[in-house]
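Q: Here you go, one structure.
Residue numbers (full-length UniProt numbering): 1 to 210.
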């Protein structure tokens with residue numbers, strides 16, 4: 001540190017509190033003493049006739065110490081950067097793992113629901129039993145002969161493909177929007193037309209609609 005730099009340290013004052021001013025003054029005095037000692041040492045070496053190489057060898061311990069401090073600082077900064085990168089990477093991996101675990105959990109639930117055989121399959125069920133034992137309790141069931149007595153079922157006009165074609169060909173029917181429609185197919189729309197177009201594909205199976 002040169003005397004000019006030392007003067008800059010002394011003259012660079014900022015409006016601070018009394019404690020900060022005292023601390024800055026103490027640091028300035030220490031830097032001034034170190035600067036003065038280094039200048040005296042340099043002048044002594046010149047008077048003794050030391051060559052620049054010899055002066056470099058004499059000051060090598062101090063130089064090595066400063067290099068070690070610089071290396072430690074660089075190492076700490078590099079270690080901190082590595083930890084930040086590892087943290088971000090672990091966070092991304094954890095997010096992906098959570099997504100995969102959630103997907104696997106949903107698949108397991110779907111497979112479990114597909115194998116549930118506790119749904120009652122009934123026939124010859126009277127209305128009161130249907131309402132009291134199932135509908136009012138929100139218990140699912142399958143009634144296999146629910147439409148056998150419908151007159152239209154005795155004709156050849158009532159089958160699913162025929163109904164689908166009828167809805168798709170009639171503009172008034174195809175534009176109908178049910179007040180509430182639930183299905184396991186994702187049609188992207190609540191319109192009946194979108195649902196019918198989806199199930200009109202023979203490759204689509206295992207669907208339901210309410």
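The C-beta atom is built at its ideal place from N, Cα and C for all residues, glycine as well.
Would you decide whether residue 195 is buried or exposed? Buried here means 16 or more other CB atoms lie within 10 Å of its CB.
A: By the 10 Å Cβ count, residue 195 comes out buried.
Q: Quick one: what does DSSP say residue 200 is sitting in, helix, strand or coil?
A: Residue 200: coil per DSSP, three-state reduction.
Q: Between which two residues does the beta strand (DSSP E) carrying residue 142 extend?
A: Note, residue 142: beta strand (DSSP E), 141–143.
Q: What's the C-alpha gap between residue 171 and residue 86?
A: Roughly 60 Å separates the two Cα atoms.
Q: If you drop the 5 nearest sequence neighbours on each side, which residues of the same chain put their C-beta closer than 8 Å to that of residue 145?
A: 123 and 124, listed in sequence order.
Q: Which residues mark the beginning and the end of the alpha helix (DSSP H) in which residue 168 is found?
A: Here the alpha helix (DSSP H) through residue 168 covers 160–169.
Q: Does DSSP classify residue 100 as helix, strand or coil?
A: Looking at residue 100 - three-state DSSP - the assignment turns out to be helix.
Q: For residue 209, which option in 181, 167 and 89 has the closest C-alpha, if you only look at C-alpha atoms?
A: The shortest C-alpha separation from residue 209 is found at 181.
Q: What are the boundary residues of the beta strand (DSSP E) that residue 182 is part of?
A: Segment: none, residue 182 is in no beta strand (DSSP E) and carries neither H nor E.
Q: Considering just the uninterrupted stretch of the beta strand (DSSP E) at residue 122, what are its terminal residues?
A: Counting along the chain, the beta strand (DSSP E) containing residue 122 begins and ends at 120–122.
Q: Sort out for me which residues DSSP pairs residue 209 with in a bridge.
A: 183, per the DSSP bridge assignment.
Q: Of all the options 201, 91 and 175, which has the alpha carbon lying nearest to the alpha carbon of residue 185?
A: Closest by alpha carbon: 201.
Q: So residue 140 packs on residue 110, CB below 8 Å; how close in whole Å?
A: No, residue 140 and residue 110 are not in contact; Cβ-Cβ is about 16 Å, not under 8 Å.
Q: Using only the alpha-carbon positions, how far apart do residue 33 and residue 77 sit?
A: So the two alpha carbons sit approximately 31 Å from each other.
Q: For residue 167 versus residue 192, is the C-beta distance shorter than 8 Å?
A: Going by C-beta atoms, residue 167 is nearer than 8 Å to residue 192.
Q: Sorted by chain position, which residues of the same chain lie with C-beta nearer than 7 Å to residue 173's C-beta, five sequence neighbours on each side aside?
A: Excluding residues within five positions, the ones whose Cβ falls inside 7 Å are 166 and 167.
Q: Report all residues from its chain with a CB closer than 7 Å to the CB of residue 207; omit the five preceding and five following residues, and keep chain order.
A: Excluding positions up to five away in sequence, the list reads 183, 184, 185 and 199.
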